[in-house]
Amino acid sequence: MSRRRLRTPGRAAAALTAALALAAGLLVGNGAAPDARAAEPPAPEPRAAAPRGADVPYTTYEAEDAATDGTVLGPSRTYLEPASEASGRRAVVLAETGRYVEFTLTAPADALNLRYSLPDSADGTGLDATLSLHADGEELEPLQLTSKYAWVYGGYPYTNDPSQGEAHRFFDETRTLLDETLPAGTVLRLEKGPADTAASYTVDLLEAETAPEPATAPDTHVSATDLGVTPDDGQDDTAALNDALRTAREQGKGLWLPPGTYDVSDHVNLTGDDLRGAGVWHTVLRGKGIKGGLFGRGGTSGVRDLTIDGDTTVRDDAAGHAAIEGDFGENSVISDVWIRHTKVGLWIDGPTTGLEATRLRVRDTFADGVNLHKGTRDTVVSDSTFRGTGDDALAMYSEEQAVTDCVFRGNTVQLPLLANGAAVYGGSGNRVEDNDISDTVNAAAGIAVSTRDFGPGPLPFTGTTTVSGNTLTRVGGHEPNWDADFGALWVYADRSDITTPVVLTDNTVRDSTYSGLLVSGQRTVDDLTVEDTEIATTGSYGIEIAAAGGGTFSGVTVTGTAGDGLNLTGDFRLARGEGNSGW
């Protein structure tokens, strides 16, 4: 990743026309039936919730809130429409030369990350294009964009063949490191200039930050370049990295990856190793095709301060690699890692115990963001951000062995394109707490507690499962294969009963696409507790129950529903405590 250098003063913008003609190649909808609340104005703000989600080093600037003469898309939650996949369900289209969007920096920045969409190529392999960038009138190197990693078609698990129709996955992200720090107050202008050849540019958001200088090697580590690994030469570094890790291990040291790009086409194996880079803006492991990533083989390992940038363009569950996967032994740490364009971010298997995964940025995966799987225990995923995942952003999946005493805490989830913001599938004593989840797209709840039968399905729940302190905004979605609508919070008994305690407490639901809380399934949901929960504005019911079983509700307030506050159709024993209203 090269730095963008300041060039000569910018050219004058082309004369602006009064209205935008939707030119050939502009993103358009695909004729799907609209979701509830598909194009309504923003809902009124409910009472403020305590701060939730990740503490991030960047400032986010939404295109629709910036100065622009482009066309603002949305708001829309209609599946297969571009606005439904944009943050806040709105974005800005630049479709004519001279059209622009301008962001005024509120803090200094020398590192930019842009979420955008370009049209696909006719053959579905994507196209490359530039987008002009200016800072206070000075022309910078243009941003390099591609649609290679966007646009999939047809039914699940989707393809790159446009003839199959049902286009979606419109957006991608590009990051840029500048040669100088731009002060607060700088006006950054993104413009479709004369040399910018894409038919249209859709801008969702810009993230700007001050990137730390490259870190230096700790005394506890040996440099990979001293052990025969050569970054930035375009050659496959997989074997050299595995050899270097073995040598460092024999010396009782970790492996240091100096700044640069390291190409990997297969697993880089970690067996009680500490792998450390110079920072997410400086050290990159670059995958090849659907391959390339880090694989845990037991022991206490560390992965820190680097980016894993895959080359995945389609979901292949049988052959594709996760960015980080496998058995991470006891008390391993994964921190300050940026992941994008891989099948999965983290796929963690038992007997992993005590893993701490924190300060991750997971973007544009083709399946899950994180999946704690098959016997993982005492693992915490915290203070991390997830956007544009192709399946559950955060999942605990008790296939064959129970996931036990794990926590998703203080994360920010945006725009999972399929499935849920967070999901717990079976297991014991797991918690989802203090997360900020928004804008689920398809077949999705904000948070699901579920025994859904995937074939194989999860083991039954044991112990207490807790969902607490989360904020859910514009979540829920329609499952077209079932013709069913999912709530912001969803408790679903499918493969087995849910009869051990499930506690939903201190959660805030804002502007749910369908119901605020859905309890459903062919099995029994018993010992459910819902307390101190606010449901403010829904596209259908406040609370919808279509299952047998029973539960206790107290301090649950419902306002602004399109349907009834409560829709109870199952054989469910509902015990009302104190402090309920609106249903």
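Quick note: the sequence shown uses the numbering used here, first residue 18, plus one each step.
Backbone N, C-alpha and C define an ideal beta-carbon position, used for all residues, glycine too.
Contact check between the stretch 278-287 and the stretch 225-232: fewer than three CB pairs, one atom from each, fall below 8 Å, which does not count as touching. Annotation: Leu244 is outside any alpha helix (DSSP H) and is labelled neither H nor E by DSSP. Rounded to whole angstroms, Gly171 and Leu97 show a C-alpha spacing of 11 Å. Under a 10 Å Cβ-count criterion, Asp236 is classified as exposed, with fewer than 16 other Cβ atoms of the shown protein chains found around its own Cβ. Assigned with DSSP and collapsed to three states, Pro231 falls in coil, not helix or strand. Ranking Glu416, Leu535, Ala71 and Asp400 by CA distance to the CA of Trp364 puts Glu416 first. Taking C-beta atoms as the reference points, Gly362 and Asp322 fail to come closer than 8 Å.
Per DSSP, the unbroken beta strand (DSSP E) holding Leu223 starts and ends at Tyr218 to Glu226. At a Cβ-Cβ threshold of 8 Å, Gly444 and Ala465 do not count as neighbours.
Judged by their CB atoms, Val458 and Leu489 are not nearer to each other than the 8 Å cut-off.
Apart from sequence neighbours up to five positions away, the residues of its chain that approach His358 with a beta-carbon distance below 7 Å are Tyr166, Asp326, Gly327, Asp328, Thr329 and Asp381, ordered along the chain. Runs of the alpha helix (DSSP H) spanning 4 or more residues and lying entirely within the stretch 371-404 do not occur at all. For Gly346, same chain residues with a beta-carbon under 6 Å away, outside a window of 5 residues either side, are Gly315, Gly316 and Thr317 in chain order. In the displayed model, Gly494 falls within a strand according to three-state DSSP.
Using a C-beta cut-off of 8 Å, the stretch 392-402 makes contact with the stretch 68-78, since at least three inter-stretch Cβ pairs fall below that distance.
For Asn584, the enclosing beta strand (DSSP E) begins and ends at Leu583 to Leu585.
DSSP places Arg266 in the uninterrupted alpha helix (DSSP H) bounded by Thr255 to Glu267. Per the C-alpha coordinates, the member of Thr482, Val542, Thr76 and Glu208 positioned closest to Ala124 is Thr76. Here Ala100 carries a helix assignment [DSSP, helix/strand/coil]. In the DSSP assignment, Glu450 forms a beta bridge with Arg426 and Ser485. According to DSSP, Tyr117 shares a beta bridge with Glu208. In the DSSP assignment, the residues bridged to Ile562 are Val536 and Leu585.
Using a Cβ distance threshold of 8 Å, Val204 and Val118 do not count as a contacting pair. Straight through space, the alpha carbons of Asp243 and Gly438 are spaced by roughly 43 Å.
Rounded to the nearest whole angstrom, the C-alpha separation of Pro368 and His390 is 10 Å. At the C-beta level, Asp544 and Thr517 come within 8 Å of one another. Judged by their CB atoms, Thr198 and Asp253 are not nearer to each other than the 8 Å cut-off.
Distances from the alpha-carbon of Gly115 to those of Leu129, Asp82 and Leu150 put Leu150 closest. When DSSP states are grouped into helix, strand and coil, Ser415 belongs to the coil group. When secondary structure is reduced to three states using DSSP, Gln252 falls in the coil class, being assigned neither helix nor strand. One Cα belongs to Trp168, the other to Val331, and the distance between them is close to 9 Å. In the three-state scheme derived from DSSP, where H, G and I count as helix and E and B as strand, Ser180 is classed as helix. Cβ neighbours of Pro276 within its own chain (closer than 7 Å, five residues either side excluded): Pro231, Ala295, His299 and Thr300. Scanning Val424, Pro248 and Gly202 for the CA closest to the CA of Asp153 turns up Gly202. Ranked by Cα distance from Val350, the options Arg404, Phe403 and Asp291 are led by Asp291. Each of Asp250, Leu144 and Ala241 was checked against the Cα of Ala261, and the nearest Cα belongs to Ala241.
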